[in-house]
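Asker: This is the structure, below, for whatever I ask next.
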Amino acid sequence: MTLPQILSFAVIALMMGAFVWGRVRYDLVATGSLLLAIAVGIVPFDKAFSGFSDDIVIIVGSALLVSAGVARSGIMEFAIQRFAPNVSSVRAQLALLVVTVAVLSAFVKNIGALAIMIPIAFQFARRANVSPSTFLMPMAFASLLGGLMTQIGTSPNIVVSRLRDELTGTPFSMFDFTPVGLALTVAGCVFLTLFYWLVPQRERQEASLQEAVAIKDYSAEARVTQDSTVADKPLANLLKVSAGEAVITSILRGAGLRIAPLPDAVLKVGDILLIEGGPEALDRLVAQAKLKLGDERTPDSTAETVAVEAVITERSSLIGWSAKHLLLYDRFNINLLAVSRSGERLNQRLGAITLRFGDVVVIQGERNALPQFLRDFALLPLAERPLLLGNVRNGIVPLLILIAAMGSTALGILPVTVAFFGAAVMMVLTRVIPVRDVYNALDGPILVMLAALIPVSDSLRSTGATGLIATLLAEFGQVLPGYGALTLILIAAMMVTPFLNNAATVLVMAPIASGFATTLGYQPEAFLMAVAIGAGCDFLTPIGHQCNTLVMGPGGYRFSDYQRLGLPLSLLVIAVAVPMLMMVWPLR
Numbered sequence: 035m036t037l038p039q040i041l042s043f044a045v046i047a048l049m050m051g052a053f054v055w056g057r058v059r060y061d062l063v064a065t066g067s068l069l070l071a072i073a074v075g076i077v078p079f080d081k082a083f084s085g086f087s088d089d090i091v092i093i094v095g096s097a098l099l100v101s102a103g104v105a106r107s108g109i110m111e112f113a114i115q116r117f118a119p120n121v122s123s124v125r126a127q128l129a130l131l132v133v134t135v136a137v138l139s140a141f142v143k144n145i146g147a148l149a150i151m152i153p154i155a156f157q158f159a160r161r162a163n164v165s166p167s168t169f170l171m172p173m174a175f176a177s178l179l180g181g182l183m184t185q186i187g188t189s190p191n192i193v194v195s196r197l198r199d200e201l202t203g204t205p206f207s208m209f210d211f212t213p214v215g216l217a218l219t220v221a222g223c224v225f226l227t228l229f230y231w232l233v234p235q236r237e238r239q240e241a242s243l244q245e246a247v248a249i250k251d252y253s254a255e256a257r258v259t260q261d262s263t264v265a266d267k268p269l270a271n272l273l274k275v276s277a278g279e280a281v282i283t284s285i286l287r288g289a290g291l292r293i294a295p296l297p298d299a300v301l302k303v304g305d306i307l308l309i310e311g312g313p314e315a316l317d318r319l320v321a322q323a324k325l326k327l328g329d330e331r332t333p334d335s336t337a338e339t340v341a342v343e344a345v346i347t348e349r350s351s352l353i354g355w356s357a358k359h360l361l362l363y364d365r366f367n368i369n370l371l372a373v374s375r376s377g378e379r380l381n382q383r384l385g386a387i388t389l390r391f392g393d394v395v396v397i398q399g400e401r402n403a404l405p406q407f408l409r410d411f412a413l414l415p416l417a418e419r420p421l422l423l424g425n426v427r428n429g430i431v432p433l434l435i436l437i438a439a440m441g442s443t444a445l446g447i448l449p450v451t452v453a454f455f456g457a458a459v460m461m462v463l464t465r466v467i468p469v470r471d472v473y474n475a476l477d478g479p480i481l482v483m484l485a486a487l488i489p490v491s492d493s494l495r496s497t498g499a500t501g502l503i504a505t506l507l508a509e510f511g512q513v514l515p516g517y518g519a520l521t522l523i524l525i526a527a528m529m530v531t532p533f534l535n536n537a538a539t540v541l542v543m544a545p546i547a548s549g550f551a552t553t554l555g556y557q558p559e560a561f562l563m564a565v566a567i568g569a570g571c572d573f574l575t576p577i578g579h580q581c582n583t584l585v586m587g588p589g590g591y592r593f594s595d596y597q598r599l600g601l602p603l604s605l606l607v608i609a610v611a612v613p614m615l616m617m618v619w620p621l622r
């Protein structure tokens, strides 16, 4: 073993140890490892920052932005309410969530697909009166399985496709991963649906600041228009959309007629609905039923508009005035969207409510003008959080953008990098994602970690260390049958993934697997696929994949909880993957 090989192994070992230790954030561990690799000479100066221009970083970042656009559109919530409004049992809800996340993960970055569905999981948990932990871990695991089905579903597939191109001159195509990935996804989803009870019931250990200030009893008003999906239909249809999280307190019809909000009351165009609920529930009700929020007036400026929550302080000049008498819109170009008053149900038209000290209001206006308005009227803004109420959204646009990107890659018109980078740009140009939210949607630490780890991982190949490992594995693999050698590589990739990012695991393990297969006289494709599967299937820890990390806090999970459901699932993956790989990708 040469000195560069020893140094390469040492840097990788220190980096993996730091990841396991967990006291330093993973992007800092990666950048520190890169600097160490440069310092000891295993990464040349001219290759130090090659990872920042690598296709993997572009694809992952673009996919996250596209996923954020789909999530922001609300189209997933609409689809669930439209096609599965009456799903009430925990097992049925879980099956729906798991299958939906798995299918989405095949076409959208799996962490993005998971992020899209987490709000729906919380809705289902409230509806079934169970802890969100019942759904979140199975959903995270399903997102990992679903990502195995296509080339763009997960980073390991993208990386292993590029490495096959370097090794054989032919990359894996978009759907080369589908036969084995589909079998694993079906088996995994069935397992997760049947054995979800292995997940411990947890409650979130600490609430976020956003939750601490969450207001659940806003009063708002919305108008039924010609385009509303509930026009000339019973109120019961609208109540299904609310799923019990918002209530209609009154129906106002022309000439001051007030109609009791009974389920069989037929809604007419022009009716004004007085609604009570939280911002998310109000937004969902208005968006899915295509109601017109407020008094049908929108800011007349082309400037960007936002909605914020604020408390009326004792010094506010709004006290004792209503929005109507103050001419809030006409004088200040500000819309009052909702009002919440502690301990009191407001049953008046929104514009007629006389505001008091302590009221919480949702106001909409130009982003640049709102801070001055808040100062002038002594309003105290609540903790900044995403507030879609009152924002214009078009669910079909992000869906069309996603379909166009997927279609262009599937037909070979554009490479994955260009297609998804273009889709990300279109999400911004079409205002699906406001410019202010673009860099929030990009997961900076993940991208920095990927970019820093690429040259560090490549040092194993450039120093010849991968060949040395392949030789050692080959010596052990010579006494194993073909399926045993394939199982060895799959398990090795699974064991490395919890301590290293999944894409980096492929960068480390794929050259080893290829050399291993060549030494034993096998074709490399099945072994490369085994590496991608092993790298994409970390079910044992919260640190091996960002999807597992994403649900740890909201689910209140402990480190050891993942093994309870993850260990039997890992064994199932091995049992299904090995024979399927040998069938689809013969060893000789």
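Numbering-wise, my numbering comes out as the position in the sequence shown, counting from 1, plus 34. Glycine included, each C-beta is placed from N, C-alpha and C at the ideal position.
In whole angstroms, what separates the C-alpha of Gly441 from that of Val77?
Answerer: Each residue's Cα considered, the two are about 38 Å apart.
Asker: Quickly, what does DSSP pair Ser356 with across the bridge? List them, please.
Answerer: The partner list for Ser356 (beta bridge, DSSP) is empty, contrary to what the question assumes.
Asker: For Ala386, collect the residues of the same chain with a Cβ closer than 7 Å to its Cβ; drop the 5 residues on either side in sequence, then sort them by chain order.
Answerer: Closer than 7 Å at Cβ, skipping near neighbours: Ser356, Lys358.
Asker: Quick check on Tyr252: does DSSP put it in helix, strand or coil?
Answerer: Three-state result, Tyr252: strand.
Asker: Straight-line CA distance for Ala475 to Arg292?
Answerer: Each residue's alpha carbon lies about 44 Å from the other.
Asker: From Leu62, Tyr60, Ile145, pick the residue whose C-alpha is nearest to that of Val100; which is it?
Answerer: Taking only the C-alpha atoms, the option nearest Val100 is Ile145.
Asker: Threshold first: 3 residues or longer. Then list the beta strand (DSSP E) segments lying entirely within the region 71-111, N to C.
Answerer: If we require 3 residues or more, the region 71-111 turns out to have no beta strand (DSSP E) run fully inside it.
Asker: On a Cα-Cα basis, can you pick out the residue from Pro576, Arg592, Pro545, Thr339 that is closest to Arg470?
Answerer: Checked all of Pro576, Arg592, Pro545, Thr339; the closest Cα to Arg470 is Thr339.
Asker: From Pro613 to Leu296, what does the alpha carbon distance come to, in whole angstroms?
Answerer: When rounded, the distance between both Cα atoms is 59 Å.
Asker: Counting only runs of 4+ residues fully inside the region 543-596, write out the alpha helix (DSSP H) ranges in chain order.
Answerer: Complete alpha helix (DSSP H) runs here, min 4: 559-570, 580-589.
Asker: Between Leu138 and the rest of its own chain, which residues show a CB-CB distance below 6 Å, the 5 nearest in sequence each way excluded?
Answerer: Hits under 6 Å: Ala147.
Asker: In the DSSP assignment, what residue or residues form a beta bridge with Gln406?
Answerer: Gln406 is not bridged to any residue.
Asker: So, under 8 Å CB-CB, Arg383 and Glu310 are touching, yes? Tell me the CB distance rounded to an integer number of Å.
Answerer: About 14 Å separates the two Cβ atoms, so there is no contact after all.
Asker: Would Arg592 and Arg236 be called neighbours here (beta carbons separated by less than 9 Å)?
Answerer: Yes, the Cβ-Cβ distance between Arg592 and Arg236 is below 9 Å.
Asker: Can you grab the Cα-Cα spacing for the pair Leu131 / Cys581, in whole Å?
Answerer: Computed Cα separation, rounded: 15 Å.
Asker: Just verifying my parser: in three-state terms, what is the DSSP assignment at Val284?
Answerer: Per the sequence shown, residue 284 should be read as Ser rather than Val. Ser284 falls in the strand class under three-state DSSP.
Asker: Give me the DSSP bridge partner(s) of Arg292.
Answerer: Beta-bridge pairing links Arg292 to Leu286.
Asker: Here's the rule I'm using: 16 or more other beta-carbon atoms within 10 Å means buried, otherwise exposed. How should Ile447 be labelled?
Answerer: When all chains shown are included, Ile447 counts as exposed.
Asker: Would you tell me roughly how many angstroms separate the C-alpha atoms of Ser189 and Val94, rounded to the nearest one?
Answerer: Going from the Cα of Ser189 to the Cα of Val94 covers about 7 Å.
Asker: Would you mind stating whether Val482 and Pro415 have Cβ atoms separated by less than 9 Å?
Answerer: Against a cut-off of 9 Å, the Cβ pair of Pro415 and Val482 comes out as no contact.
Asker: Can you give me the start and stop residues for the alpha helix (DSSP H) that Gln322 sits inside?
Answerer: Where Gln322 is concerned, the enclosing alpha helix (DSSP H) stretches over 313-323.
Asker: Who are the near neighbours of Gly392 in its chain, counting only those whose CB is closer than 8 Å to its CB and skipping five residues on each side?
Answerer: Result list for Gly392: Val345, Ile346, Arg375, Ser376, in chain order.
Asker: Give a yes or no on whether the C-beta atoms belonging to Arg598 and Val233 are separated by under 9 Å.
Answerer: Cβ distance < 9 Å, so Arg598 and Val233 count as in contact.
Asker: Per DSSP, what are the beta-bridge partners of Ser374 in this structure?
Answerer: Beta-bridge pairing links Ser374 to Val394.
Asker: Out of Asp199, Val133, Arg196, Lys302, which one is the CA nearest neighbour of Gly181?
Answerer: When only C-alpha atoms are compared, the closest one is Val133.
Asker: Going by DSSP, name the residue or residues bridged to Ile346.
Answerer: Answer is Leu413.
Asker: Shortest alpha-carbon distance to Met543 belongs to which of Arg495, Thr212, Leu615, Leu216?
Answerer: Among Arg495, Thr212, Leu615, Leu216, the Cα nearest to that of Met543 is on Arg495.
Asker: Taking Gly498 as part of the alpha helix (DSSP H), name the residues at either end of that continuous run.
Answerer: Element bounds for Gly498: n/a, residue is neither H nor E.
Asker: Which residues does DSSP pair with Gly399 in a beta bridge?
Answerer: DSSP, once it has assigned bridges, lists Val340 as partnering Gly399.
Asker: Determine the burial state of Ala97: buried for a count of at least 16 other Cβ atoms within 10 Å of its Cβ, exposed for fewer.
Answerer: The residue is buried, with at least 16 neighbouring Cβ atoms inside 10 Å.
Asker: Can you tell me the Cα-Cα spacing of Asn402 and Ile546, whole angstroms?
Answerer: Their backbone Cα atoms lie some 55 Å apart in a straight line.
Asker: So, is Tyr473 buried or exposed, given that buried needs 16 or more other C-beta atoms within 10 angstroms?
Answerer: The residue is exposed, with fewer than 16 neighbouring Cβ atoms inside 10 Å.
Asker: If you draw a straight line from the alpha carbon of Asp251 to that of Glu314, how long is it in whole angstroms?
Answerer: Cα-Cα distance, rounded: 11 Å.
Asker: Helix, strand or coil: which one does DSSP assign to Ile387?
Answerer: Of the three classes helix, strand and coil, the one that applies to Ile387 here is coil, per DSSP.
Asker: Please name the residue in Leu606, Ala323, Leu404, Asp88 whose C-alpha comes closest to that of Phe573.
Answerer: The shortest C-alpha separation from Phe573 is found at Leu606.
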